Ligand code: MG
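Residue numbers (my numbering): 83 to 463.
See the structure below:
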């Protein structure tokens, strides 16, 4: 049976597409959450009169106005987001951007819910803690990220011993084939123009630097318990093969289809069942698939992520937090494109490595990395 949905990040790219899926399949929405009050949030909430609404931020005035529109079904602050994440017998779709989504992932799993996870930062920064919450709560964790949804589907019914390698595909982003000199002058607008996927701002910039793929390697490691030396990345500009698994007998399974996030979102909600989608029919006829090695020298973010993943402990959380700060600075015109991996590398060197045992300790590593990265960016201007 499909459970009611809790949609975190309801006004974002994943959130709005999740609400489309819910409407098409007539799935009830128990609650929604957004970072701040907005006209968009009010509009969505008015269309879902029975849903609780949680808002993490906003000024006193904005909050009063929202309460005026929606009444006492509104919750404020991060406690409100955690309250709706730990409702029972729901599927929590976590489409929050960045490490802000971590606590919500843990709450959803501790309450025994199904977590449809689009917030890859939860897995990157705190993979072991998320897995522990999954085990303790007895819920389910189904990835929404297209590559991991593909891997999840390829791995269904297979034993861990049967798996040789995971192969993540990367579109290569808008700057594939460029040299370092050419990358030095690229603008946010150029970086935001992704060739195949329509996504939020941070992930689109991360796709251009290949940080996104690096974060996804770490995400895959924690989701599927496969060591880093058996996770590969291959550039596949058409984004038709969403990822593949190589098995020990030489067989491969891959997941093929349109580059449309509504498909993995829907699968995470309906799995193991499948329902039809409004996506146009897919055909192999006329499609050409090509694959190449990633250019690791021009796009150092990928190797930085592998190194942080292998170091483990606080390193992936630091990597992620430094990248969030650097991407924001790039979008704000305060940092060049090549400065993004530089800031991340230097932050990893600067922040002391630790072994976080609690969510608070992960958040502490995250905050420290943010402060260090922000200081470096301010200092270099
Ligand atoms: Mg992805």
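Glycine included, C-beta positions come from ideal geometry on N, C-alpha and C. Source: prediction; values computed, not measured.
Sub-8 Å separation of residue i and residue j beta-carbons
i, j, result
"residue 167", "residue 189", "yes"
"residue 371", "residue 324", "no"
"residue 100", "residue 88", "no"
"residue 401", "residue 265", "no"
"residue 391", "residue 303", "yes"
"residue 126", "residue 109", "no"
"residue 250", "residue 175", "no"
"residue 187", "residue 212", "yes"
"residue 181", "residue 377", "no"
"residue 476", "residue 312", "Summary: the structure shown does not reach residue 476, with the chain confined to residues 83 through 463, and so no result is reported for it."
"residue 427", "residue 386", "yes"
"residue 169", "residue 112", "yes"
"residue 270", "residue 413", "yes"
"residue 204", "residue 350", "no"
"residue 258", "residue 409", "no"
"residue 330", "residue 198", "no"
"residue 236", "residue 353", "no"
"residue 441", "residue 185", "yes"
Residue i: CB within 7 Å of a non-hydrogen atom of the ligand MG
i, result
"residue 374", "no"
"residue 161", "no"
"residue 228", "yes"
"residue 203", "no"
"residue 298", "yes"
Own chain partners of residue i with C-beta closer than 6 Å, once the 5 adjacent residues on each side are dropped
i, result
"residue 273", "287, 290"
"residue 103", "344, 347, 348"
"residue 407", "452, 455, 456"
"residue 364", "339, 340"
"residue 293", "383, 405"
"residue 216", "191, 223"
"residue 234", "225"
"residue 444", "207, 208, 399, 438"
Whole-angstrom distance between residue j and residue i, CA atom to CA atom
i, j, result
"residue 252", "residue 384", "11 Å"
"residue 96", "residue 177", "5 Å"
"residue 147", "residue 279", "35 Å"
"residue 171", "residue 200", "19 Å"
"residue 173", "residue 461", "44 Å"
"residue 355", "residue 129", "27 Å"
"residue 256", "residue 268", "10 Å"
"residue 140", "residue 193", "27 Å"
"residue 359", "residue 106", "8 Å"
"residue 281", "residue 431", "31 Å"
"residue 155", "residue 123", "13 Å"
"residue 240", "residue 336", "14 Å"
"residue 425", "residue 411", "11 Å"
"residue 221", "residue 214", "11 Å"
"residue 310", "residue 388", "7 Å"
"residue 254", "residue 458", "28 Å"
"residue 393", "residue 150", "50 Å"
"residue 145", "residue 375", "49 Å"
"residue 121", "residue 202", "27 Å"
Sequence-distant residues of its chain with Cβ nearer than 7 Å to residue i (five each side left out)
i, result
"residue 206", "297, 300, 301, 398, 402"
"residue 342", "361"
"residue 450", "433"
"residue 305", "205, 225, 230"
"residue 275", "256"
"residue 94", "177, 179, 282"
"residue 357", "107, 348"
Own chain, CB closer than 8 Å to residue i, minus 5 neighbours either side, in chain order
i, result
"residue 380", "260, 261, 262, 265"
"residue 369", "320, 322"
"residue 307", "242"
heavy atom of the ligand PLP below 7 Å from residue i C-beta
i, result
"residue 206", "The ligand PLP is not among the ligands present in this structure, which contains only the ligand MG."
Three Cβ pairs or more, each shorter than 8 Å: is that satisfied between the region 131-142 and the region 105-121?
Enough Cβ pairs lie closer than 8 Å, so yes.
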